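Numbering (the numbering used here), first residue to last: 33 to 203.
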Amino acid sequence: MQGRIGGDIAVSAVPRRWMKQGVLALAVLAVVGLLVFFAMPNRYIFRSEGNALSLCQGRLMGLVGRPLKGYEHIPIGSDAVKELTGRSFSSPEEALAALREILKGEIDAAYRALAPLEAPLAERYRTLLADLQAARIAGMENLDLSIDTLDAWLRMYEARSTATAQTTGSD
Numbered sequence: 033m034q035g036r037i038g039g040d041i042a043v044s045a046v047p048r049r050w051m052k053q054g055v056l057a058l059a060v061l062a063v064v065g066l067l068v069f070f071a072m073p074n075r076y077i078f079r080s081e082g083n084a085l086s087l088c089q090g091r092l093m094g095l096v097g098r099p100l101k102g103y104e105h106i107p108i109g110s111d112a113v114k115e116l117t118g119r120s121f122s123s124p125e126e127a128l129a130a131l132r133e134i135l136k137g138e139i140d141a142a143y144r145a146l147a148p149l150e151a152p153l154a155e156r157y158r159t160l161l162a163d164l165q166a167a168r169i170a171g172m173e174n175l176d177l178s179i180d181t182l183d184a185w186l187r188m189y190e191a192r193s194t195a196t197a198q199t200t201g202s203d
């Protein structure tokens, strides 16, 4: 390549043929790279965002990815779930199965930790529920929400206690 710069003639140190071949080679590499990129299978990873996870779909180990609809914000309470961040899964089902496995252990551990605290509460709540029901019969108003809430909690507690007793009794 040559051209005039002022009164001087500029001459390229690289032959024109080599430059054309280089540009052609770069274009071919770019096309091959895009084909390889789009031919790669989708991978699924969890990204941690504060106290939430999102399940993302992308290529290149999640460097280029977008959250899957319905899984943009999965609230988490346990740090154990964060061990999933960055792990690559081949399908959303596989990723969600791994999440369920960790959550099951965390939920069971939380229930076991709460059980000794809930037993004395259950007795007091039964007494309080009976008193609230008697007060409603006696004509006191605005007790329905408290009665319904206590009744729901006691039913949940008794169902969980029964399930736990059956599980530990069958071991």
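All C-beta atoms in this analysis are idealised placements derived from N, C-alpha and C, irrespective of residue type, glycine included. Just so we're clear, the structure is a prediction, and the values are computed from it rather than from any experiment.
- Counting only residues of its own chain and dropping the five nearest sequence neighbours on each side, F121 has a CB closer than 8 Å to the CB of R75, Y76, I77, A127 and A130.
- Membership of I77 in the beta strand (DSSP E) is indicated by the continuous run R75 to S80.
- Proximity of the region 129 to 143 to the region 153 to 167 falls short of the contact definition, fewer than three beta-carbon pairs being nearer than 8 Å.
- Here the region 181 to 188 lies against the region 147 to 163, with 3 or more beta-carbon pairs under 8 Å apart.
- In the DSSP assignment, A129 falls within the alpha helix (DSSP H) that extends over P124 to I169.
- The closest CA to that of P152, considering only L87, Q89, E190 and P99, is found on E190.
- The beta carbons of L87 and L100 sit about 5 Å from each other, so the pair counts as a contact at 8 Å.
- About 7 Å separates the beta carbons of R192 and Y143, which is inside the 8 Å limit, making them a contact pair.
- The beta carbon of P124 is closer than 7 Å to those of Y76, L87 and L100 in its chain, skipping five residues each way along the sequence.
- Taking the Cα positions, I139 is about 11 Å away from A112.
- Q89 counts as buried, since at least 16 other C-beta atoms from the protein chains shown sit within 10 angstroms of its C-beta.
- Excluding sequence positions up to five before and after E150, its CB lies within less than 8 Å of the CB of Y189, all in the same chain and listed in chain order.
- R48 and L85 have their C-alpha atoms roughly 54 Å apart.
- If you draw a straight line from the Cα of G118 to the Cα of L177, it is about 44 Å long.
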